[in-house]
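Some notes on the structure that comes next.
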Amino acid sequence: MPAMTAPVSLYSRQDAARILRVPEKQIAAWQRAGLIPAASNKFSIRDLAGMRSLRDLREQRLSVRSIRSSVEAMQRIAGMEDPLREAAHVSRGARLVFRHSGALLDPLTQQLAFDFDAPPRRELSLLKREPPREQVLRDQAQAQEIFQRAVQLEEKPETLAEAAALYLQVLELCPRHAPASINLGTILYNDRRYTEAEKRYRTAAEIDPDYALAFFDLGNVLDELRRLPEAIAAYTRAIQLVPQYADAHYNLALAYERTGERRRALRHWLCYVRLDPVGPWATHARMQARRTLATERLSIVTRGGKLA
1 MPAMTAPVSL YSRQDAARIL RVPEKQIAAW QRAGLIPAAS NKFSIRDLAG
51 MRSLRDLREQ RLSVRSIRSS VEAMQRIAGM EDPLREAAHV SRGARLVFRH
101 SGALLDPLTQ QLAFDFDAPP RRELSLLKRE PPREQVLRDQ AQAQEIFQRA
151 VQLEEKPETL AEAAALYLQV LELCPRHAPA SINLGTILYN DRRYTEAEKR
201 YRTAAEIDPD YALAFFDLGN VLDELRRLPE AIAAYTRAIQ LVPQYADAHY
251 NLALAYERTG ERRRALRHWL CYVRLDPVGP WATHARMQAR RTLATERLSI
301 VTRGGKLA
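Each residue of the sequence shown is one higher than the one before, starting from 1 at the first, in UniProt numbering.
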């Protein structure tokens, strides 16, 4: 983004849909729900960052209505203008909860749960070495404040280095902060420091084995490193966690194409088109599927008159 007095870049709804790889109708739904500005069809970098969070929640199967209810409740309880940007959030089933003042808060029920109340299978080996509870809470609260500053700095190219330094601070305070590891990995990825980015994405995946975005980003960096079998495994894991993950289907199809496995790619081209039928990416997926069907001698199996 240009510095000083240069005009702020604005993006049309079509541009935003292409950048985020979501249907334009999804952006319209977010506008109707009041989750993003509805006054115009021009969006700033800040708006795109908010829509990226909404896209990730969509991929975790949270409905627009559920997100809106949680956001409105958080606004009332914590006095926040934009909870999706001012507080880290995670999904718990069909609900959205926020990390706030060192605790997990469900704004709809106003119930609190400490972050270190993780499933025993993931934390049991660390129990004896944990610092006192009060210190954990202080570290988490401080880490969250630093994380939010880093997210804001990440929006401008000239402050990316500062954002990366802050994410490292977060990880020093809370080594199991998966979002900080992901965001730091993305900065490294965009800087073409792929080996370092891979380590950050793997760390996030180890911290939270159910974090689909971590496996998706890991697949992207492995693809760049030309380690296609590993990339395919990572994309496949992301889809296992979130079967409706359209971008993962698209990238997995590309990876299969590069390994010459066109029949396997076909399935994921078709999945992508079903999940995201509008836009240039869907057009490309349809074209690839048609080419495969035209050149491969596929056995067409039907059940009850439907393509199996």
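Ideal Cβ positions, reconstructed from N, Cα and C, are used throughout, including at glycine.
Subject >> Bridge partner(s) assigned by DSSP for residue 12 >> reply: Reading the sequence shown from its first residue, position 12 is the one you call residue 12. Beta-bridge partners assigned by DSSP to residue 12: 42.
Original post:
How many angstroms separate the CA atom of residue 264 from the CA atom of residue 278?
Top reply: To locate residue 264, count along the sequence shown from 1; it is residue 264. To locate residue 278, count along the sequence shown from 1; it is residue 278. Those two C-alpha atoms are separated by around 23 Å.
**OP:** With distances taken Cα to Cα, identify the nearest neighbour of residue 232 among 249, 135, 56, 207.
**Re:** Position 232 of the sequence shown, counting from 1, holds the residue named residue 232. Residue 249 is the option with its Cα nearest to residue 232.
**OP:** Measuring alpha carbon to alpha carbon, tell me which of 55, 43, 25, 262 ends up nearest residue 244.
**Re:** Residue 244 sits at position 244 when you count from the first residue of the sequence shown. Here the closest residue by C-alpha is 55.
Original post:
Which same chain residues, not among the five before or five after residue 120, have their C-beta less than 7 Å away from its C-beta?
Top reply: Along the sequence shown, one-based indexing puts residue 120 at 120. Summary for residue 120: the model assigns pLDDT 40, below 50, so the residue's position carries little reliability; its value from the coordinates is reported in the next sentence. Nothing listed; no residue qualifies.
Subject >> Runs of beta strand (DSSP E) wholly within the segment 49–85 (minimum 3 residues, chain order) >> reply: Here no run is fully enclosed.
Subject >> residue 114, DSSP secondary structure in three states >> reply: Taking the first residue of the sequence shown as 1, we reach residue 114 at position 114. Caution applies to residue 114, whose pLDDT of 47 falls short of 50 and renders its modelled position unreliable; the value that the coordinates give is listed next. Residue state, collapsed to three classes: strand.
Subject >> Whether residue 187 touches residue 204 by CB criterion (8 Å) >> reply: The count along the sequence shown starts at 1 and reaches residue 187 at position 187. The count along the sequence shown starts at 1 and reaches residue 204 at position 204. No. Outside cutoff.
Subject >> Buried versus exposed, by CB contacts within 10 Å (16 or more), residue 34 >> reply: The residue you call residue 34 lines up with position 34 of the sequence shown. So residue 34 ends up on the exposed side.
Subject >> Alpha carbon of residue 8 to alpha carbon of residue 292, nearest angstrom >> reply: Position 8 of the sequence shown, counting from 1, holds the residue named residue 8. Position 292 of the sequence shown, counting from 1, holds the residue named residue 292. Reliability fails at residue 8, whose pLDDT of 43 lies under 50, so the model's placement of it is uncertain and the value that follows must be treated cautiously. About 43 Å.
**OP:** On a CA-only basis, which of 144, 195, 46, 159 is nearest residue 177? Give me that one, please.
**Re:** As a working note, residue 177 is residue 177 in the sequence shown. Minimum Cα distance to residue 177 is reached at 144.
Original post:
residue 46 and residue 154: beta carbons closer than 8 Å?
Top reply: On the sequence shown, residue 46 is found 46 positions in, with the first residue counted as 1. On the sequence shown, residue 154 is found 154 positions in, with the first residue counted as 1. In this structure, residue 154 does not lie closer than 8 Å to residue 46 by Cβ.
Subject >> Own chain residues within Cβ distance below 8 Å of residue 37, not counting five before or after >> reply: To locate residue 37, count along the sequence shown from 1; it is residue 37. Answer for residue 37: 31, 43, 47, listed in chain order.
**OP:** Take residue 270 as the anchor and find which of 256, 258, 262, 289 has the nearest alpha-carbon.
**Re:** Taking the sequence shown and counting its residues from 1, one reaches residue 270 at position 270. For residue 270, the closest of 256, 258, 262, 289 by C-alpha to C-alpha distance is 289.
Subject >> residue 106 - DSSP class collapsed to helix/strand/coil >> reply: The residue given as residue 106 occupies position 106 in the sequence shown. Of the three classes helix, strand and coil, the one that applies to residue 106 here is strand, per DSSP.
Subject >> Other residues of its chain near residue 224: CB distance less than 7 Å, five sequence neighbours each side excluded >> reply: Start at 1 with the first residue of the sequence shown, and residue 224 comes out as number 224. So the qualifying residues of the chain are 194.
Subject >> With 16 other Cβ atoms within 10 Å as the buried cut-off, status of residue 218 >> reply: Position 218 of the sequence shown, counting from 1, holds the residue named residue 218. That one is buried.
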